[in-house]
Amino acid sequence: MKLLHLHLPTLNQSFFFNKEMDDGRRFRVKNFLLFLLFFCLLSLRMEFSRAQMVPPVFVFGDSLVDIMFEIFVNLKTEKLGLPSSPPYLSLLKKTDESSYINGVSFASGGAGIFNGTDQTYGQSIPLLKQVDNYIVVYKSLVQQMGSPGAEKHLSKSLFTIVIGSNDILDYFGSSDLRKKSTPQQFVDSMANTLKGQLKRLYETGARKFVLTGIGAIGCIPAERVKNKTHECNEECNFWSVKYNEELKAMLKGLKSELQGINYSYFDTYSIMQNVIQKPSSYGFNEIESACCGLGDLKAKVPCVPISKYCSNRKDYVFWDLYHPTEATATIFVHTLFDGPSQYCIPMNVRQLVSA
């Protein structure tokens, strides 16, 4: 915190008070000094309040984090004043471990709650390993701050988790997985596995969690293009909702089980459905096709250098065959941050920070 240094004349200096000074001037000078004192105290109070409102953010999840977290960081920087949370792998080459204090992003494209969701490229870091990486950071914070100091610091931090979509898509795209378990068993296992990782984070001092439900992934271009009529894959949507219900129930149970825990669950599915059903209300006119890609709905080939781009990406709900555009993600993040209890259960992020 930068303190305001004021170099004022002492009260016995003639600039402020002397024997010839009339009562009117003496009164104005006193008021001026009182104003300066009030201004200093107000500035200090604002700086202190701002510091209290600025939490570090530790991020876990998949590629949906990329655009949503970037916007979240911009909001956090704009509204709270905190620098962004750097990617964990980018910090491994640095010797200054103090970079961890403001938060770290452990998210990885293609990641899932379960291992093995990234069968195509095999490069993603699943949630289990992301939490393992966080434990390394936690141990570093304990060395820097001491165990009590680290736990106090982490209790005020936000732990944001955006994950699960790849697991659902993987399940319905794999005949092997469908043979091993029913859809209900699969989403139950997703919620239980996630619960185990949340408990690991809690044991290090994490107390404030932000979790997003799975969106209407049956309506992404990659799923619509499989249907000749370009309709949504309602089976994917149905089990996305089922998983979200399991997630909400699990979080409610953790609230009763673990002392001091608070969370904000974001109903991504509902707001995404609102956008798709009433696109013009949100400024969109294209809900089926991707902005960038090749083939039918620009969803046969991903967004690569040779792909065609839409002329106005703000008109599109989806950027590529899987991900929302920045315009769509901005709606999500603004709602996540300041939205009503209709979408943020039991509180939004701003309220969680103050909890």
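As numbered in my numbering, the sequence shown has no gaps in its residue numbers, which increase by one up to the final residue, 902. Even glycine gets a Cβ: it sits at the ideal position worked out from N, Cα and C.
Task: P768 (DSSP reduced to helix, strand or coil) - done: In the sequence shown, the residue the question calls residue 768 occupies position 221. It is helical.
Open item on the list: Quick check on V651: does DSSP put it in helix, strand or coil?
Closed with: Numbered from 1 along the sequence shown, position 104 holds the residue referred to as residue 651. Residue state, collapsed to three classes: coil.
Open item on the list: Less than 6 Å between C-beta atoms, sequence neighbours within five positions excluded: which residues of the same chain meet that for H777?
Closed with: Your numbering for residue 777 matches position 230 in the sequence shown. Cβ neighbours of H777 beyond the five flanking positions: R771, E835.
- [ ] Return yes when the Cβ of S712 is within less than 9 Å of the Cβ of L611, no when it is not.
- [x] Walking along the sequence shown from the start, residue 611 turns up at place 64. Walking along the sequence shown from the start, residue 712 turns up at place 165. Yes, they are a contact pair.
TODO: Kindly list the residues whose CB is nearer than 7 Å to the CB of T740, restricted to its own chain and excluding five residues on each side of it in sequence; keep chain order.
DONE: Position 193 of the sequence shown, counted from the start, is the residue given in the question as residue 740. Closer than 7 Å at the Cβ level, and outside the excluded window around T740, lie I660, F661.
Open item on the list: On the criterion of 16 or more Cβ atoms from any shown chain inside 10 Å, does K789 qualify as buried, or is it exposed?
Closed with: In the sequence shown, counting from the first residue as 1, residue 789 sits at position 242. Buried.
Open item on the list: For the structure I just gave you, are there three or more beta carbon pairs, one from the region 891-898 and one from the region 804-822, closer than 8 Å?
Closed with: yes
TODO: Within the region 664-726, note down every full beta strand (DSSP E) run reaching 3 residues or more, in order along the chain.
DONE: 705-709
Open item on the list: Within 10 Å of its beta-carbon, does H881 have 16 or more other beta-carbons around it, so buried, or fewer, so exposed?
Closed with: To locate residue 881, count along the sequence shown from 1; it is residue 334. It counts as exposed.
Task: Stretch pair the region 838-853 + the region 759-770: three plus CB contacts closer than 8 Å - done: yes
TODO: Pull up the CB-CB distance for P603 and N649, whole angstroms please, since I reckon it's below 8 Å.
DONE: Start at 1 with the first residue of the sequence shown, and residue 603 comes out as number 56. Start at 1 with the first residue of the sequence shown, and residue 649 comes out as number 102. About 5 Å separates the two Cβ atoms, so the contact holds.
Open item on the list: Using the three-state DSSP reduction, which class does E835 fall into: helix, strand or coil?
Closed with: Walking along the sequence shown from the start, residue 835 turns up at place 288. Residue state, collapsed to three classes: strand.
Open item on the list: At the level of alpha carbons, what is the spacing between G530 and S646?
Closed with: Shown here, the chain extends from 548 to 902; a query on residue 530 therefore has no answer.
Open item on the list: My output table needs one value for T882: the three-state DSSP class, helix, strand or coil.
Closed with: Walking along the sequence shown from the start, residue 882 turns up at place 335. Of the three classes helix, strand and coil, the one that applies to T882 here is helix, per DSSP.
Open item on the list: Just to check my reading of the structure: F706 and K746 have Cβ atoms closer than 8 Å, yes? What is that Cβ distance to the nearest angstrom?
Closed with: Indexing the sequence shown from 1 puts residue 706 at position 159. Indexing the sequence shown from 1 puts residue 746 at position 199. Not quite, the Cβ-Cβ distance comes to about 12 Å (not below 8 Å), so this is no contact.
- [ ] Identify, in the order they occur along the chain, each residue of the same chain with its Cβ nearer than 7 Å to the Cβ of N924, setting aside the five sequence neighbours on each side.
- [x] Any property of residue 924 remains undetermined from this structure, which presents the chain solely from 548 to 902.
- [ ] In angstroms with no decimal places, state the Cα-to-Cα distance between S888 and Q898.
- [x] If you number the sequence shown from 1, residue 888 lands on position 341. If you number the sequence shown from 1, residue 898 lands on position 351. Going by the C-alpha atoms only, they are around 11 Å apart.
TODO: Using only alpha-carbon positions, find the residue among D735, K727, T729, S817 that is nearest to K764.
DONE: As a working mapping, residue 764 is identified with position 217 in the sequence shown. The sequence shown places Ile at residue 764, rather than the Lys named in the question. Nearest of D735, K727, T729, S817 to I764, Cα basis: S817.
Open item on the list: V709 and V606 - do their beta-carbons sit closer together than 9 Å?
Closed with: By one-based count along the sequence shown, residue 606 stands at place 59. By one-based count along the sequence shown, residue 709 stands at place 162. Yes. Within cutoff.
Task: Environment of T759 [buried if 16+ CB atoms lie within 10 Å] - done: Taking the sequence shown and counting its residues from 1, one reaches residue 759 at position 212. With 16 or more other Cβ atoms within 10 Å, it is buried.
Task: Same chain, Cβ closer than 6 Å to Q820, five either side skipped, listed in chain order - done: Your numbering for residue 820 matches position 273 in the sequence shown. Excluding positions up to five away in sequence, the list reads A763.
Task: Close beta carbons around I672, own chain, < 7 Å, minus the five adjacent residues each side - done: Sequence index remark: in the sequence shown, residue 672 carries index 125 (1-based). Once the five neighbours on either side are set aside, the close Cβ partners of I672 are S655, A658.
Task: For G762, three-class secondary structure by DSSP - done: Position 215 of the sequence shown, counted from the start, is the residue given in the question as residue 762. Looking at G762 - three-state DSSP - the assignment turns out to be coil, as it is neither helix nor strand.
Task: C-alpha gap between P852 and G840, whole angstroms - done: On the sequence shown, position 305 is the one that residue 852 refers to. On the sequence shown, position 293 is the one that residue 840 refers to. About 9 Å.
TODO: Report the rounded CA-to-CA distance for Y863 versus V734, giving the unit in angstroms.
DONE: Translated into positions along the sequence shown, residue 863 becomes position 316. Translated into positions along the sequence shown, residue 734 becomes position 187. C-alpha separation (whole angstroms): 30 Å.
Open item on the list: Less than 7 Å between C-beta atoms, sequence neighbours within five positions excluded: which residues of the same chain meet that for I715?
Closed with: Position 168 of the sequence shown, counting from 1, holds the residue named residue 715. Answer for I715: I761, I764, C783, W786, S787, Y790, listed in chain order.
TODO: Let me know if E903 comes out buried or exposed under the rule of 16 or more other beta-carbons within 10 Å of its beta-carbon.
DONE: Any property of residue 903 remains undetermined from this structure, which presents the chain solely from 548 to 902.
TODO: Please list, in chain order, all residues of the same chain as S827 whose beta carbon is under 6 Å from its beta carbon, the five residues on each side excluded.
DONE: If you number the sequence shown from 1, residue 827 lands on position 280. So the list is empty, once near-sequence residues are dropped.
Task: When F865, S702, S803 are compared against Y749, the one with the closest alpha-carbon - done: The residue labelled residue 749 in the question sits at position 202 within the sequence shown. Closest by alpha carbon: S702.
Task: Distance between A697 and S687 (C-alpha atoms, nearest Å) - done: For the purposes of this step, residue 687 is taken as the residue at position 140 of the sequence shown. For the purposes of this step, residue 697 is taken as the residue at position 150 of the sequence shown. In a straight line, the C-alpha of S687 is about 9 Å away from that of A697.
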